[in-house]
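K.L.:
In our numbering, the protein residues as written are 5 to 268.
Backbone N, C-alpha and C define an ideal beta-carbon position, used for all residues, glycine too.
Bear in mind that the values here come from a model prediction, so they are computed numbers and not experimental data.
To start, I am sharing the structure in question, which I have written as structure tokens.
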């Protein structure tokens, strides 16, 4: 037993969609009586790839006493249930996990791993250490901004684009203010730390109760942040106005946009 990161499942929120089963390369989850269950603690490496596939926020990574992840036994388990293709998929996933963990194979959610580095400035941006940087004016034109607090219908939604921001994106890049917030309605949420029950219904109501011209989801590259897009997708299934364009932008931990696609 060791204190480590491991997946937990809120059965009350689980809708039995099964997305997490295929989202877990280690085969650590299975459906039992219509609910996702953790098969064995030793099969879960704690990276939380499955979280981004859950539309209801039922999956969370917690730190607790648990049996340590066993790579070899998990590999055998995957071969038994998924064959050689599953084995290759797990090996590829494990390589990505090791890279994100900085070479450590002990598991843990990449979204909560410690990372440090110098801030890189372009020569034109560099300023004297004794000079105060110019104050950037906020582009925000509404309140509230947290999805939990937003009303389903509000004047600031009308005839505007809506940007749905992951909480961490605001601190990761200063460009978020002018690139995403300027001139748009804003909703901020975290699929990992927020109590996300009700988010699907709230967003579905916002989409259908206001004349929103476009929706952009800005999320971080870490797997757990994919849950934000999953929540938006589930809300669109409940109610999507005809012609509404929805895009997803993925931000790296360095604040760069590494992917931008239309998802609806």
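Run through DSSP, which three-state label would residue 237 get?
P.N.:
On the chain shown, position 233 is the one that residue 237 refers to. It is helical.
K.L.:
Round the Cβ separation of residue 187 and residue 212 to the nearest angstrom and send it over; I've been treating them as touching at under 8 Å.
P.N.:
By 1-based counting over the chain shown, the position of residue 187 is 183. By 1-based counting over the chain shown, the position of residue 212 is 208. Not confirmed; about 22 Å, so no contact.
K.L.:
Is DSSP giving residue 97 helix, strand or coil here?
P.N.:
One-based indexing of the chain shown puts residue 97 at position 93. Here residue 97 sits in helix by DSSP.
K.L.:
Using the beta-carbon count (16 or more within 10 Å), is residue 184 buried or exposed?
P.N.:
For the purposes of this step, residue 184 is identified with residue 180 of the chain shown, where counting begins at 1. Looking at its Cβ environment, which holds 16 or more other Cβ atoms inside 10 Å, residue 184 is buried.
K.L.:
Please name the residue in 58, 12, 145 whose C-alpha comes closest to that of residue 69.
P.N.:
As a position in the chain shown, residue 69 is number 65, starting the count at 1. Comparing Cα-Cα distances from residue 69 to each of 58, 12, 145, the minimum goes to 12.
K.L.:
Quick one: using the 10 Å Cβ neighbour count with 16 as the cut-off for buried, is residue 222 buried or exposed?
P.N.:
Translated into positions along the chain shown, residue 222 becomes position 218. Result: buried.
K.L.:
Only counting the same chain, and skipping five residues up and downstream in sequence, which positions put a Cβ closer than 7 Å to that of residue 182?
P.N.:
The residue you call residue 182 lines up with position 178 of the chain shown. Counting only Cβ-Cβ distances below 7 Å, and skipping sequence neighbours, we find 143.
K.L.:
With three or more C-beta pairs closer than 8 Å as the rule, is the region 28 to 44 touching the region 158 to 177?
P.N.:
Output reads no: the region 28 to 44 does not touch the region 158 to 177.
K.L.:
Going by beta-carbon coordinates alone, are residue 149 and residue 190 separated by less than 8 Å?
P.N.:
Locating residue 149 in the chain shown gives position 145, where the first residue counts as 1. Locating residue 190 in the chain shown gives position 186, where the first residue counts as 1. Yes, they are a contact pair.
K.L.:
Excluding sequence positions up to five away, which residues of its chain have a Cβ less than 6 Å from the Cβ of residue 40?
P.N.:
Stepping through the chain shown from its first residue, residue 40 is reached at position 36. Same-chain partners within the cutoff: 13, 18, 24, 33.
K.L.:
In the region 7 to 36, which residue ranges form an unbroken alpha helix (DSSP H) of at least 4 residues, counting only runs that do not cross its ends?
P.N.:
Counting whole runs of 4 or more residues, the region 7 to 36 contains the alpha helix (DSSP H) stretches 23 to 27.
K.L.:
Taking the Cβ atom as the reference point for each residue, do residue 79 and residue 66 lie within a distance shorter than 8 Å?
P.N.:
Position 75 of the chain shown, counted from the start, is the residue given in the question as residue 79. Position 62 of the chain shown, counted from the start, is the residue given in the question as residue 66. Cβ atoms of residue 79 and residue 66: not closer than 8 Å.
K.L.:
Taking the straight line between their C-alpha atoms, what separation do you get for residue 71 and residue 246?
P.N.:
Translated into the one-based positions of the chain shown, residue 71 becomes position 67. Translated into the one-based positions of the chain shown, residue 246 becomes position 242. The alpha-carbon atoms of residue 71 and residue 246 are separated by roughly 49 Å.
K.L.:
Measuring straight from C-alpha to C-alpha, what distance separates residue 5 and residue 267?
P.N.:
Looking up residue 5 in the chain shown gives position 1. Looking up residue 267 in the chain shown gives position 263. Computed Cα separation, rounded: 42 Å.
K.L.:
To the nearest angstrom, how far is it from the Cα of residue 208 to the Cα of residue 239?
P.N.:
Position 204 of the chain shown, counted from the first residue, corresponds to residue 208. Position 235 of the chain shown, counted from the first residue, corresponds to residue 239. C-alpha separation (whole angstroms): 5 Å.
K.L.:
Do you know offhand how far residue 82's Cα is from residue 43's?
P.N.:
Numbered from its first residue, the chain shown carries residue 82 at position 78. Numbered from its first residue, the chain shown carries residue 43 at position 39. Those two C-alpha atoms are separated by around 12 Å.
K.L.:
Would you kindly check if the distance between the Cβ of residue 85 and the Cβ of residue 31 is under 8 Å?
P.N.:
For the purposes of this step, residue 31 is identified with residue 27 of the chain shown, where counting begins at 1. For the purposes of this step, residue 85 is identified with residue 81 of the chain shown, where counting begins at 1. Their beta carbons are under 8 Å apart, which means residue 31 touches residue 85 by this criterion.
K.L.:
Measure how close the beta-carbons of residue 56 and residue 231 come, nearest whole angstrom, since I'm counting them as under 8 Å.
P.N.:
Translated into the one-based positions of the chain shown, residue 56 becomes position 52. Translated into the one-based positions of the chain shown, residue 231 becomes position 227. Their Cβ separation, rounded to whole angstroms, is 5 Å, which keeps residue 56 and residue 231 in contact under 8 Å.
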